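**Student:** In this note's numbering, the protein residues as written are 30 to 652.
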């Protein structure tokens with residue numbers, strides 16, 4: 030071992046320790062690695078920063094944009110709602126649906142984002158079914174990890190390994206090259222969670238969801254003694270209300286408030302939120318009302334009243350909601366009534382109720398506002414958010430939990446699905462290179478307004494991008510100093526004589542083990558060149574060895590700090606460190622067993638053709 034090799038190995042160890050202690054940000058560690066390689070002279074300045082120009086970095090950034098598109102258009106939440114509807118109160122059925130849903134979504138969007146979206150869905154399922162959250166969150170998080178084994182773009186290590194294959198002269202992986210292996214692991218993982226894993230899952234009590242997520246819209250209505258009934262009123266051709274303005278309708282005098290109007294067909298649908306008194310009601314309108322409309326049907330012939338469906342209510346809540354505000358002691362509105370202020374015209378919001386202390390105020394529209402009054406306001410979320418700028422008049426006190434569940438671009442969901450399908454088709458049939466297909470999809474998401482350019486930039490997790498770009502040169506440093514050769518020789522000495530299965534196993538557990546301390550991306554960066562070189566040394570195809578790295582990088586089940594995907598569920602599930610060791614280690618062994626049995630069927634070890642290019646002479650992977 031020369032001095033430079035010792036330095037690089039030391040740098041790897043220090044990097045692993047810093048990441049394991051979690052006291053220094055990962056992106057800072059990556060930048061320190063770049064500086065260390067640069068200042069030590071192991072790599073030139075250009076080689077040290079080459080990672081920032083890597084196609085891997087561009088791919089990751091574009092995939093983060095696509096994941097944000099799927100989140101903002103509600104594709105992920107639609108899957109969650111389907112699970113809530115189909116799962117019922119059966120723990121077994123819920124585990125199957127949650128794991129399947131998380132795995133499928135994780136193939137095309139960030140697995141971390143999938144888990145973040147699913148946590149409130151699981152909490153809601155738990156509150157409505159009585160199934161404990163901790164029985165569902167861990168299986169869901171593990172399925173999100175397994176999603177990385179299903180498609181090429183599902184996780185960054187897959188792209189890193191594929192790029193390493195190409196740089197060695199072999200053909201890179203296709204979009205679905207190893208999907209059958211991943212599906213086998215997913216099926217085995219679900220089976221494990223329904224049998225042994227279910228017995229190992231923790232079963233201690235956790236706090237109620239309401240403590241962590243806040244109160245609901247219905248809770249606010251109850252506080253202000255506003256009718257919690259929300260109904261749909263449809264105006265037929267004979268409706269007496271048609272042709273009148275809201276002010277002329279007489280509904281307000283009967284305690285019925287129109288908080289929204291849905292007008293037009295499916296494609297030309299218009300939603301009028303918090304309409305004012307001058308809004309004209311038309312035949313075919315669907316009114317969203319609060320109050321006891323059923324009590325006044327005789328006075329309004331030609332109207333049909335029915336409880337609002339959960340789907341329709343969800344769409345309304347994505348557009349509008351309510352908030353409670355406190356009248357500031359120095360507000361210029363004090364002493365003036367809501368009618369005098371013309372609240373709806375001024376702020377674009379309805380005042381549904383007023384409370385002074387704990388006492389709800391009757392006929393609040395004509396009562397003068399006082400310092401300390403609490404108002405319950407209803408309207409578009411954008412208008413509600415704008416209230417925070419009126420700091421001299423109001424103090425926003427409580428926003429219901431429904432605000433956090435808003436899907437802002439839900440109308441663009443079909444467009445988002447079409448963009449996703451386009452990207453997959455372009456990639457699978459190799460009509461354009463993978464990088465071009467992903468960039469086209471990201472650009473299409475912006476041009477079709479599924480998300481804005483600002484949202485696209487915010488979707489890029491710059492810390493993750495810097496981490497990848499900063500660690501890529503570390504693999505180059507190992508190669509330049511002879512460290513890769515040294516590690517391969519150690520591996521060959523230890524297990525090489527036992528055959529390719531032993532080398533495959535060693536690579537799998539090396540990658541999985543490093544992923545417990547480093548990020549899985551860092552583990553893939555370091556082990557991928559070792560795997561390909563090891564394949565050359567024993568004269569077999571590099572593809573099964575590359576698969577060992579791909580699968581090992583997504584098998585970080587055994588500790589809660591191994592991946593942010595797992596870390597996210599620790600707090601809401603009140604898990605202990607030992608919970609992950611107890612449930613994760615058997616799953617890790619099961620994953621290895623499935624992978625080592627299935628991989629050779631799709632990627633035979635074979636032998637290299639006697640050709641100077643060696644690796645490039647091997648048959649390409651199955652598409």
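Positions of the beta carbon are idealized from the N, C-alpha and C atoms, including for glycine.
Predicted model only: the values in this text are computed from it and were never measured.
1. Can you tell me where the alpha helix (DSSP H) with residue 305 in it begins and where it stops?
2. Drop a sphere of 10 angstroms on the beta-carbon of residue 572, count the other beta-carbons inside from all chains shown, and report buried for 16 or more, exposed for fewer.
3. When you compare each of 269, 43, 230 to residue 609 by their alpha carbons, which one comes out closest?
4. Does residue 357 come out as helix, strand or coil in the three-state DSSP assignment?
5. Going by C-alpha distance, which of 69, 280, 162 is nearest residue 321?
6. Residue 545: which of 570, 583, 568 sits nearest, CA to CA?
7. Report, in whole angstroms, the separation of the C-beta atoms of residue 510 and residue 37, which I expect to be a contact under 8 angstroms.
8. In whole angstroms, give me the CA-to-CA distance for residue 236 and residue 55.
9. Determine, using beta-carbon pairs with one atom in the segment 395-413 and one in the segment 322-341, whether at least three such pairs fall under 8 angstroms.
10. Looking only at C-alpha atoms, which of 221, 618, 337 sits nearest to residue 346?
11. Starting from residue 373 and walking both ways along the alpha helix (DSSP H), at which residues does that stretch end?
12. What is the DSSP secondary structure of residue 389, counted as helix, strand or coil?
13. Assign residue 344 to one of three DSSP states: helix, strand, or coil.
14. How about the segment 494-505 and the segment 72-85: do they share at least three Cβ pairs that are nearer than 8 angstroms?
15. Report yes if the CB atom of residue 604 is closer than 9 angstroms to the CB atom of residue 589, and no otherwise.
16. What's the gap between the Cα of residue 103 and the Cα of residue 125?
17. Taking the straight line between their C-alpha atoms, what separation do you get for residue 149 and residue 160?
18. Determine the closest residue to residue 181 out of 88, 417, 432, 439, with distance taken between C-alpha atoms.
19. Name the two residues that bound the continuous alpha helix (DSSP H) containing residue 461.
20. Cβ atoms of residue 552 and residue 186: under 9 angstroms apart, would you say?
21. Cα separation between residue 455 and residue 470?
22. Which value, in whole angstroms, describes the spacing of the CA atoms of residue 612 and residue 128?
23. Leaving out five residues on either side along the sequence, give the residues of the same chain with a beta carbon under 7 angstroms from the beta carbon of residue 35.
24. Note down the Cα distance separating residue 508 from residue 570, rounded to an integer number of angstroms.
25. Rounded to whole angstroms, how far is the Cβ of residue 595 from the Cβ of residue 205, which I believe are closer than 8 angstroms?
26. Using three-state DSSP, classify residue 349 as helix, strand or coil.
27. Using a Cβ-Cβ cutoff of less than 8 angstroms, which residues in the same chain neighbour residue 606 once the five nearest sequence positions on both sides are dropped?
28. Within the same chain, show all residues whose beta-carbon is closer than 6 angstroms to that of residue 620, passing over the 5 residues directly before and after it, in chain order.
29. Along the beta strand (DSSP E) that carries residue 502, what are the first and last residues, could you check?
30. In three-state terms, what does DSSP make of residue 177?
31. How about residue 378 and residue 342: do their beta carbons lie closer than 9 angstroms?
32. Let's see if you can read the secondary structure: which residues bound the beta strand (DSSP E) around residue 423?
33. So what's residue 286 in DSSP terms, helix, strand or just coil?
34. Counting only the same chain and skipping the five closest in sequence on each side, list residues whose C-beta sits under 6 angstroms from that of residue 468.
35. The beta strand (DSSP E) that contains residue 526, what's its start and end?
36. By DSSP, does residue 626 sit in helix, in strand, or in coil?
**Tutor:** Based on what the coordinates show:
1. Where residue 305 is concerned, there is no enclosing alpha helix (DSSP H), given that its DSSP letter is neither H nor E.
2. With 16 or more other Cβ atoms within 10 Å, it is buried.
3. Looking at the Cα atoms, 230 is the closest of the given residues.
4. Three-state result, residue 357: coil.
5. Closest option to residue 321, Cα to Cα, is 280.
6. For residue 545, the nearest C-alpha among the options comes from 583.
7. Confirmed, about 5 angstroms.
8. At residue 236, the pLDDT of 49 sits below 50, so the modelled position is not reliable; the number obtained from the coordinates is stated separately. Our two residues, residue 236 and residue 55, have alpha carbons roughly 32 angstroms apart in a direct line.
9. A contact between stretches requires three or more CB pairs, one per stretch, nearer than 8 angstroms, and the segment 395-413 fails this requirement with the segment 322-341.
10. Checked all of 221, 618, 337; the closest Cα to residue 346 is 337.
11. For residue 373, the uninterrupted alpha helix (DSSP H) run begins and ends at 372-376, by DSSP.
12. Residue 389 falls in the strand class under three-state DSSP.
13. Reduced to three states, the DSSP call for residue 344 is helix.
14. Judged by Cβ distances under 8 angstroms, the segment 494-505 makes contact with the segment 72-85, as three or more pairs qualify.
15. Taking 9 angstroms as the Cβ cut-off, residue 604 and residue 589 qualify as a contacting pair.
16. Residue 103 and residue 125: Cα-Cα distance of roughly 21 angstroms.
17. Rounded to the nearest angstrom, the two C-alpha atoms are 14 angstroms apart.
18. The residue with the shortest Cα to Cα distance from residue 181 is 88.
19. First-last for residue 461: undefined, no H or E at that position.
20. Yes; because the gap between Cβ atoms is below 9 angstroms, this pair is in contact.
21. Straight-line Cα distance between these residues: approximately 10 angstroms.
22. When only Cα atoms are considered, residue 612 and residue 128 end up about 15 angstroms apart.
23. Counting only residues of its own chain and dropping the five nearest sequence neighbours on each side, residue 35 has no CB closer than 7 angstroms to any other CB.
24. Approximately 20 angstroms between the Cα atoms of the pair.
25. Wrong, their Cβ atoms sit about 26 angstroms apart, outside the cutoff.
26. In this structure, residue 349 counts as strand in the three-state DSSP scheme.
27. Residues 588, 589 of the same chain have their beta carbon placed closer than 8 angstroms to that of residue 606, with the five preceding and five following residues left out of the count.
28. Contacts found: 214, 584.
29. Residue range 491-510 is occupied by the alpha helix (DSSP H) that includes residue 502, with no beta strand (DSSP E) assigned at that position.
30. It is helical.
31. 9 angstroms or more divides the Cβ of residue 378 from the Cβ of residue 342.
32. 423-427 is the span of the beta strand (DSSP E), which, as asked, contains residue 423.
33. In this structure, residue 286 counts as strand in the three-state DSSP scheme.
34. For residue 468, the CB contacts under 6 angstroms within the same chain, skipping 5 residues up- and downstream, are 91 in chain order.
35. From DSSP, residue 526 is part of no beta strand (DSSP E); its letter is neither H nor E.
36. In the structure shown, residue 626 falls within a helical segment according to DSSP collapsed to helix, strand and coil.
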